[in-house]
Every structure is written in C-alpha cells, then in structure tokens.
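A.B. asks:
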C-alpha cells in the first residue's frame, strides 16, 4: 500500500546533511566547492560549466547511500542551432538504487516543460523556467542505495556552456516503502484517428500520478483540444475511472484558451502559467536555428498539469491516455496530430515496462 505523503517529509535529524553537485564540485564533497582557479585566482569561478562531447553520456551525479534529490537547475548556452534542436537532442536519465533501467528518461527540454525543442517561461510549483532558460525542478527524488543522473548528448556537435546544480540531502536510512520518482517521455508523430494516445502504461505496483506535460503540434486545421484525459486505475479495462472533459480543461483552462467567447471579433489565444497548471507555449512562427526572420510553422502547443494537491492514487496498476478529438463549429471529429508527453509519478514496489526510447530522428520537431 502506498502510504508515503507527497512530497517526502524530510525531518531534520542526526546524520542528515545537505550537499550540492556542480561543475566546480562534481562529487559534492564537503568543503570542496569553488576550488578551481580562474584568471582571477583560486576559488574565483574557475569551472562554472562543462562541455558535453557529442555522442557521449556525461554523469552529473553519482551519490552513494540514502537520501533525496531536492532541486535540479540546468541551463544550456544554446537551445537550438543550424544542426539540430539541443533541448530534444540532450537526454536526461536518472537511476535509483543501482537499477539498470532509468526511472527518469526524457529529452532535457521536455522534462522541464520546454516542448518542441523551444524555450518558454514556466512558473509552476515543481517546475520553473526563468529568464533566460534557467530550468528548475523541485520534485523530490528519494533513493535508498545510491543515485545516478546522466545527460547524453545526441547533438551532432559538442554542446559547450552546460551549467548545472543538483542539490540533495543525505540521510542515514530511507524509511521502508518510500516511493521512487519516475518520469517518462513518449511521442507519436501522427496519432491514429479514433485511437487514444498513450501517455503512460506498463506500470504495476502502488503509487501516485503527479503530473503531465503535453506537447502538441497540429497536423490538421480547426480546434484540436476536445480530447479527454483518461486514467485507468487498478484493473480498469474498457472504461477509465477518471475521465476529463477536454484537453484545455485538463490543463486548467477553458474554451480553447481564448480571451473571449465571441464570433464578432477574432479571439486571441492567451498562454499562461500557474502553480499547478498552465499553457506556456503557443507558437505559430519558427524563430529557431539562426533564421534571420520568423518563418511560418504548424501551430504548436505546450501545456502542463501537476497533481500535487490532488494525486491520482493507484494500488495495483495505472494506464493514462489522451484522446485526439477536434471540433469545427458544433461538430466533433477524430483527428491526427504530432503528440509527445512526459508522465511524472511516484511508485512503490512493482515494475515499469517502458517502450524503447525513441532515437534522435524520431524526437526531432517538425
């Protein structure tokens, strides 16, 4: 039975210690921060960042014993360039307790609610992206016997100017039954009309679903967001226990994220961020890849929903899907769009059967 409240209550006690991993102190050792020398002298910002070699995996964190990651901050010098989309080409992975299968596996940008390889400002409780591209995550990530966090550079060239700070706390022992944090990215380049998009499946055990980031690029015209989010809990088969009323409704909005309900004047779409839900990305022009001017592109939408005050609890298994239903006038229709997602959840016991992580070519925005 999943009984651990969220977030994990870290009660101060003997043996608890705060540590931080950076390029200056990659081991998080006590008294070892800021020792590298610069032209200004020892301890004067001698190694603030790292370069990620193309085709290689770089370890950002290797921690022994028990504890919990409490904060991750990352930024990159460039989010995209002439040879690709850096935020989709860098893959973030996290492993708990010596596991070979990552509990967290997602493109760097999407994990921080930066969909379609593009930047956006996000102001929410667990994820905040501040100017310019300062990506922060406050999901607590417990571990009982070690943690390992990596980033793999699948960009065609080295990525320089990679800055990071991973804050964590060590404890003598993690309470039995403490859940582990998970995050999983998926993409379907063209959904099949009439077949719901799978956000998450293959989860058995007990836990709590705590959030979704959705990235939708329209492949058809008209309103795209009538699809309902469905949560199949503990043996649900044909029909879910929890079913919403529409995609923008799931993200806390209404009526297509527009500023008015009127046919007399053209409404405006209004992106927004809030503590537990938001619609931070609405793009119809491509300003990336060093273009001298913004070029037209298929409309892209990025939205999030955090189930922190209202977790979706499950005790045996979990499956989450999203319909792709559109609307024109008063009529509904099945549609096909380019959809990707990150599912965030905590799990105790059981197992996760994850699909193969998509290759770089299958992650590239279009």
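In my numbering, the protein residues as written are 6 to 371. No residue lacks a Cβ here, since even glycine has one placed at the ideal position from N, Cα and C. Quick caveat, the model's predicted, so the values are computed rather than measured.
1. Answer with buried or exposed for residue 37, where buried requires no fewer than 16 other C-beta atoms within 10 angstroms of its C-beta.
2. Nearest to residue 136 by alpha carbon, out of 96, 336 and 81?
3. So, is residue 131 buried or exposed, given that buried needs 16 or more other C-beta atoms within 10 angstroms?
4. Which class does residue 229 belong to by DSSP, given the choice of helix, strand or coil?
5. Does DSSP put residue 91 in a helix, a strand or coil?
6. Count the other C-beta atoms from every protein chain shown that fall within 10 angstroms of the C-beta of residue 230, then say buried if there are 16 or more, exposed otherwise.
7. Name the one or two DSSP bridge partners that residue 146 has.
8. Evaluate contact between the region 55-71 and the region 196-209, counting only Cβ atoms and requiring at least three cross-stretch pairs below 8 Å.
9. Starting from the Cα of residue 336, find the closest Cα among 257, 300, 269 and 227 and give me that residue.
10. Report all residues from its chain with a CB closer than 6 Å to the CB of residue 358; omit the five preceding and five following residues, and keep chain order.
11. Taking the beta strand (DSSP E) that residue 349 belongs to, which residues open and close that run?
12. Whole alpha helix (DSSP H) runs in the region 222-267 with 4 or more residues, listed along the chain?
13. Under the assumption that residue 173 contacts residue 75 (Cβ atoms under 8 Å), give the Cβ distance between them as a whole number of angstroms.
14. Considering only residues of the same chain and omitting the five flanking positions on each side of residue 280, which have a CB-CB separation below 7 Å?
15. Can you give me the Cβ contacts of residue 60 inside the same chain, cut-off strictly under 8 Å, excluding the 5 residues immediately before and after it?
16. Please tell me whether residue 163 and residue 45 are closer than 8 Å, where the distance is taken between their beta carbons.
17. Would you call the CB atoms of residue 325 and residue 193 closer than 8 Å?
18. Hey, residue 79 and residue 126 are a contact pair by Cβ (cut 8 Å); roughly how many whole angstroms apart?
19. Taking the alpha-carbon positions, what's the residue 253 to residue 286 distance?
20. Nearest to residue 91 by CA position, among 47, 166 and 258, is which residue?
21. Work out the CA separation of residue 116 and residue 144 for me, nearest whole Å.
22. Is residue 291 helix, strand or coil when you go by DSSP?
23. Can you check which of these residues, 19, 107 and 233, is closest to residue 361 by C-alpha distance?
24. Taking one C-beta from the region 197-204 and one from the region 93-110 each time, how about it: are there three or more such pairs within less than 8 Å?
25. Between residue 123 and residue 93, what straight-line distance do the alpha-carbon atoms span, to the nearest angstrom?
26. Roughly how many whole angstroms lie between the Cα atoms of residue 303 and residue 330?
27. State the Cα-Cα distance for the pair residue 355 and residue 211, rounded to the nearest angstrom.
28. Is the beta carbon of residue 181 less than 8 Å from the beta carbon of residue 318?
29. If you count every other CB in all the chains shown that lies within 10 Å of the CB of residue 248, and 16 or more means buried, which is it?
30. Could you tell me how far apart the beta carbons of residue 238 and residue 246 are, in whole angstroms, since I believe they sit closer than 8 Å?
C.D. replies: Reading it off the structure:
1. In the chain shown, the residue the question calls residue 37 occupies position 32. Answer is exposed; the Cβ neighbour count stays below 16.
2. On the chain shown, position 131 is the one that residue 136 refers to. Ranking 96, 336 and 81 by Cα distance to residue 136 puts 81 first.
3. To locate residue 131, count along the chain shown from 1; it is residue 126. Buried is the call here.
4. Start at 1 with the first residue of the chain shown, and residue 229 comes out as number 224. In this structure, residue 229 counts as coil in the three-state DSSP scheme.
5. Numbered from its first residue, the chain shown carries residue 91 at position 86. DSSP places residue 91 in helix when its eight states are reduced to three.
6. Residue 230 sits at position 225 when you count from the first residue of the chain shown. Result: buried.
7. Residue mapping note: residue 146 aligns to position 141 of the chain shown, counting from 1. 74, per the DSSP bridge assignment.
8. With a cut-off of 8 Å, the region 196-209 and the region 55-71 do not count as touching, because too few Cβ pairs lie within range.
9. On the chain shown, residue 336 is found 331 positions in, with the first residue counted as 1. Of 257, 300, 269 and 227, the residue nearest in Cα terms is 227.
10. The residue you call residue 358 lines up with position 353 of the chain shown. Same-chain partners within the cutoff: 207.
11. As a first step, residue 349 is located in the chain shown; it is residue number 344 there, counting from the start. That run of the beta strand (DSSP E) goes 343-357.
12. 252-255
13. Position 168 of the chain shown, counted from the first residue, corresponds to residue 173. Position 70 of the chain shown, counted from the first residue, corresponds to residue 75. That pair is a contact at about 6 Å.
14. If you number the chain shown from 1, residue 280 lands on position 275. These residues qualify, in order along the chain: 129 and 130.
15. Counting from 1 along the chain shown, the entry for residue 60 is found at position 55. Result list for residue 60: 158 and 159, in chain order.
16. Residue numbering aside, residue 163 sits at position 158 when the chain shown is read from its first letter. Residue numbering aside, residue 45 sits at position 40 when the chain shown is read from its first letter. No, they are not a contact pair.
17. Residue 325 sits at position 320 when you count from the first residue of the chain shown. Residue 193 sits at position 188 when you count from the first residue of the chain shown. Not a contact, by the Cβ cut-off of 8 Å.
18. As a first step, residue 79 must be located in the chain shown, where it is residue number 74. As a first step, residue 126 must be located in the chain shown, where it is residue number 121. Contact between residue 79 and residue 126 is ruled out by a C-beta separation of about 16 Å, above the 8 Å threshold.
19. Along the chain shown, one-based indexing puts residue 253 at 248. Along the chain shown, one-based indexing puts residue 286 at 281. Each residue's alpha carbon lies about 13 Å from the other.
20. By 1-based counting over the chain shown, the position of residue 91 is 86. If we check each option's Cα against that of residue 91, 166 comes out closest.
21. One-based indexing of the chain shown puts residue 144 at position 139. One-based indexing of the chain shown puts residue 116 at position 111. Straight-line measurement puts the Cα of residue 116 at about 11 Å from the Cα of residue 144.
22. As a first step, residue 291 must be located in the chain shown, where it is residue number 286. Looking at residue 291 - three-state DSSP - the assignment turns out to be strand.
23. Translated into positions along the chain shown, residue 361 becomes position 356. Of the candidates 19, 107 and 233, the one whose C-alpha sits nearest the C-alpha of residue 361 is 107.
24. no
25. Position 118 of the chain shown, counting from 1, holds the residue named residue 123. Position 88 of the chain shown, counting from 1, holds the residue named residue 93. Approximately 9 Å, taken between the alpha carbons.
26. Numbered from 1 along the chain shown, position 298 holds the residue referred to as residue 303. Numbered from 1 along the chain shown, position 325 holds the residue referred to as residue 330. So the alpha carbons of these two residues sit roughly 17 Å apart.
27. As a working mapping, residue 355 is identified with position 350 in the chain shown. As a working mapping, residue 211 is identified with position 206 in the chain shown. Near 7 Å, if we compare the C-alpha coordinates of residue 211 and residue 355.
28. Taking the chain shown and counting its residues from 1, one reaches residue 181 at position 176. Taking the chain shown and counting its residues from 1, one reaches residue 318 at position 313. Not in contact: residue 181 and residue 318 (Cβ atoms no closer than 8 Å).
29. In the chain shown, the residue the question calls residue 248 occupies position 243. Under this definition residue 248 is an exposed residue.
30. Numbered from 1 along the chain shown, position 233 holds the residue referred to as residue 238. Numbered from 1 along the chain shown, position 241 holds the residue referred to as residue 246. In this structure, residue 238 and residue 246 form a Cβ contact; the two beta carbons are roughly 5 Å apart against a cut-off of 8 Å.
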